[in-house]
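With the first letter of the sequence shown counted as 1, position 2 gets the number 37 in my numbering; the numbers rise by one all the way through.
Below is one structure, written out as structure tokens, with a few remarks after it.
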Amino acid sequence: MKKTNQLRRGRAGKRTFVSSKRQERRKIAAGQVSKLLELSLTNAAKDAQLSQRYAKIAWAISTRFNVKLREKRRFYCRFCKTFALPSAIRYRFSKRRKALNITCLRCGMTYHKILPRNAEKFHGR
Ligand SMILES: [Zn+2]
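Rendered as structure tokens:
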């Protein structure tokens with residue numbers, strides 16, 4: 036693999052150099068995060084505690100290596116970062132706000148997530 040430094044735009048439009056070594060590490064970290072989350076989801080029904088542990092490690096890796104979780108982020112409680120298993124979280128659909136009201140059963144905090152226009156995929160939850 037060719038080792039080159041890639042020119043990237045930073046947050047404020049500034050030019051920043053990201054070393055290829057760091058990019059490689061991030062790529063590996065991203066793979067590990069997705070693997071851990073997959074493991075967490077498959078073990079959710081069998082062993083909730085193990086599932087939480089996988090999710091916690093995945094969160095730690097993603098924050099350490101600056102890996103974005105993207106849509107997987109909604110699997111975590113916004114406040115205490117508990118993995119949102121059905122046993123740990125309660126979903127309620129608010130028609131007025133067209134949003135999902137989420138209550139974490141661990142920390143007791145409530146927050147809402149506004150649904151995208153193609154909200155059909157959320158109805159199964
Ligand atoms: Zn919580």
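Using N, Cα and C, we set each Cβ at its ideal position, and we do this for glycine too.
If you're wondering where the values come from, they're calculated on a predicted model, not measured in any experiment.
What residue range is occupied by the uninterrupted alpha helix (DSSP H) comprising residue i?
i: Tyr89; result: Ala83 to Arg99
i: Ser75; result: Ser55 to Thr77
Can you tell which of the options has its C-alpha closest to the C-alpha of residue i?
i: Glu73; options: Cys142, Phe114 and Tyr89; result: Tyr89
i: Arg127; options: Leu150, Arg105 and Phe114; result: Leu150
i: Thr138; options: Ser55, Arg131 and Leu120; result: Leu120
i: Arg125; options: Asn136, Leu104 and Arg132; result: Asn136
i: Met144; options: Ala93, Lys103 and Thr117; result: Thr117
i: Tyr111; options: Glu59, Gln87 and Arg61; result: Gln87
i: Ser129; options: Tyr146, Ala123 and Ile92; result: Tyr146
i: Leu104; options: Arg61, Ser55 and Lys56; result: Arg61
i: Arg113; options: Ala83, Arg141 and Ser75; result: Arg141
Within 10 angstroms of the Cβ of residue i, are there 16 or more other Cβ atoms? Answer buried if so, exposed if not.
i: Lys148; result: exposed
i: Leu71; result: buried
i: Val102; result: buried
i: Val53; result: exposed
i: Ser122; result: exposed
i: Ala93; result: buried
i: Ala80; result: exposed
Residue i lies in the beta strand (DSSP E); which residues open and close that run?
i: Arg141; result: Taken as a continuous stretch (DSSP letters only), Arg141 belongs to no beta strand (DSSP E), as it is neither H nor E.
i: Phe128; result: Ile124 to Ser129
Can you find a C-beta in chain B that's less than 9 Å from the C-beta of residue i?
i: Ala64; result: Judged by its chain identifiers, the structure shown contains no chain B, having just a single protein chain.
(request) Determine contact between the stretch 55–68 and the stretch 93–101, defined as no fewer than three beta-carbon pairs at a distance below 8 Å. (result) These segments touch.
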